[in-house]
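Student: Residue 3 is where the sequence shown starts when you use this note's numbering, and the numbers rise one by one after that.
Glycine included, each C-beta is placed from N, C-alpha and C at the ideal position.
None of the values given here were measured: they were computed from a predicted structure.
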Amino acid sequence: MGHDLVLYPHQEEAIVYALDLDPDAAVPQGFTVKRHSLGADGFGQLRQLLQTDLAALSIGTVGVAPDSGRHVLPGNSAENSPFSVPLIHDFLSSVTVQETDFFAQQAMRKTAAEVEKIQRANDIAAFGLRAFYANLQPGRTEAELAALVEGAIQSQSGKHGSSLARAWAYIQAGPNSAKAGTYSRSSGYAMQAGDMVVLEMGTWVDGYWSDLTRTAVVGTPSADQARLIETVQTAQQAAIDAMRPGVSHADVDTAARQIMEAAGYGAAFTHHTGHHVGFRYHDYGPLAAPGSTEPLAEGMIITIEPGAYGELFGGGCRFEENVLVTESGARVLSDQQIRG
């Protein structure tokens, strides 16, 4: 529900302050857990617990992560974190507070256990990809297809080692697909034969995220549509092939962008090639974009998602995979074979 905090003392075990309404299965294991209730004074009990522990542990300075450390897992997706930065500072009024990017920096490199959880999110996301391709048909609306994709994923809750699975699918077809590089949304537009259709899909499984995109044509693609799809897929593979520790994020972008430009789609490739993913739909970290000089490191997971959009070629096209930087190269976590 987003009402939990974690205190990491320098030399003691971490303490999780969990709301008493949270089920045990939703509370992290392997830590000291202290329960708190929401009373008439809101977070008064939590504040008192935290202040007592800070004093008992002789903690005088606390680093806080004002952005990267604030999450609400979308088991209840309508909620935002209740812990505003001023409220956190109030909880810590007895100590010196320093803002830090320590957690954000650590989160860019996933552990083996975290990679396993993100892999599971991608495995379950594959059910949504298959539903997308299986249900493309004239007359079906974008919103109807999005609902089928989301249902295919949510129905996997409790399976494949998961507890909860959710998806957020956005379908843009025909003229709307030309805007798929700007703002994702599903409308009541009914698909027609010959339409290009773009699926943007975020999948959440037990707190970990996958972010994937696919493109298809209702019916048989025209020669121009087939050329665009093939070019985007080639650009994506070039970027994946460029990934390894030490290579800059910008170099990954360049690998894809050169393919798009050579084919005449450079001006239509209007966004970055990728972003970090795993703890969020869009994780903290540098973009795979021009000028992004920070090097890749083992354990980073980055989306690779070149695309091109425009009325000139009748819509938009994007393909997106989630790719892990390994010791010597890269490994695609999503199912690249599901493309039609």
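(1) Kindly provide the ranges of any beta strand (DSSP E) runs that are 3 or more residues long and lie completely inside the stretch 21 to 63, ordered along the chain.
(2) Whose C-beta lies closer than 7 Å to the C-beta of G41 among residues of the same chain, with five residues either side of it excluded?
(3) Our contact map puts S164 next to I126 with C-beta atoms below 8 Å; I'd like the distance itself, whole angstroms only.
(4) If you count every other CB in all the chains shown that lies within 10 Å of the CB of Y172, and 16 or more means buried, which is it?
(5) Assuming Y191 is part of the beta strand (DSSP E), what are its boundary residues?
(6) Helix or strand or just coil, what does DSSP make of N137?
(7) If we call anything under 8 Å between Cβ atoms a contact, is G280 one with E116?
(8) Which two residues bound the contiguous beta strand (DSSP E) that contains G309?
(9) Let me confirm a value: D285 is counted as buried when at least 16 other C-beta atoms fall within 10 Å, else exposed. Which label applies?
(10) Please work out which residues of its chain come closer than 6 Å, Cβ to Cβ, to E1, disregarding the five sequence neighbours upstream and downstream, and give them in chain order.
(11) In terms of residues, what are the limits of the beta strand (DSSP E) holding E101?
(12) Go through its chain and collect everything with a Cβ distance to A299's Cβ below 7 Å, but skip five positions before and after it.
(13) Please state the DSSP three-state secondary structure of I17.
(14) Assess, as a yes-or-no matter, whether the stretch 134 to 145 is touched by the stretch 247 to 262 under the definition of 3 or more beta carbon pairs within less than 8 Å.
(15) Taking contact to mean 3 or more Cβ pairs, one atom from each stretch, closer than 8 Å, check whether the stretch 220 to 233 and the stretch 309 to 325 are in contact.
(16) List the whole-angstrom C-beta distance separating T217 from M198, where the pair is believed to meet the contact cut-off of C-beta under 8 Å.
(17) Let me check one thing: in DSSP terms, what residues is D213 bridge-paired to?
(18) Between L166 and Y19, what straight-line distance do the alpha-carbon atoms span, to the nearest angstrom?
(19) Within 10 angstroms of its Cβ, does A182 collect 16 or more other Cβ (buried), or is it exposed?
(20) Could you please give the first and the last residue of the uninterrupted alpha helix (DSSP H) stretch that includes T233?
(21) Would I306 and Q235 be called neighbours here (beta carbons separated by less than 8 Å)?
(22) For S179, which three-state DSSP category applies?
(23) Kindly list the residues whose CB is nearer than 6 Å to the CB of S224, restricted to its own chain and excluding five residues on each side of it in sequence; keep chain order.
(24) Where does the unbroken alpha helix (DSSP H) through G153 begin, and where does it stop?
Tutor: A quick look at the data gives this:
(1) Within the stretch 21 to 63, the complete beta strand (DSSP E) runs of at least 3 residues are 34 to 38.
(2) Q47
(3) Taking a contact as a CB-CB distance under 8 Å, the pair S164 and I126 counts as one, their CB atoms being some 6 Å apart.
(4) buried
(5) Per DSSP, Y191 belongs to no beta strand (DSSP E) and is neither H nor E.
(6) coil
(7) yes
(8) 309 to 312
(9) buried
(10) The question about residue 1 has no answer, for the chain in this structure spans 3 to 342.
(11) 98 to 101
(12) R111, P247, V327
(13) strand
(14) no
(15) Touching, yes.
(16) So it is a contact: roughly 6 Å between Cβ atoms.
(17) Beta-bridge pairing links D213 to G204.
(18) Spanning the alpha carbons of L166 and Y19 requires a straight line of approximately 22 Å.
(19) Under this definition A182 is a buried residue.
(20) 225 to 244
(21) no
(22) helix
(23) none
(24) Where G153 is concerned, the enclosing alpha helix (DSSP H) stretches over 144 to 156.
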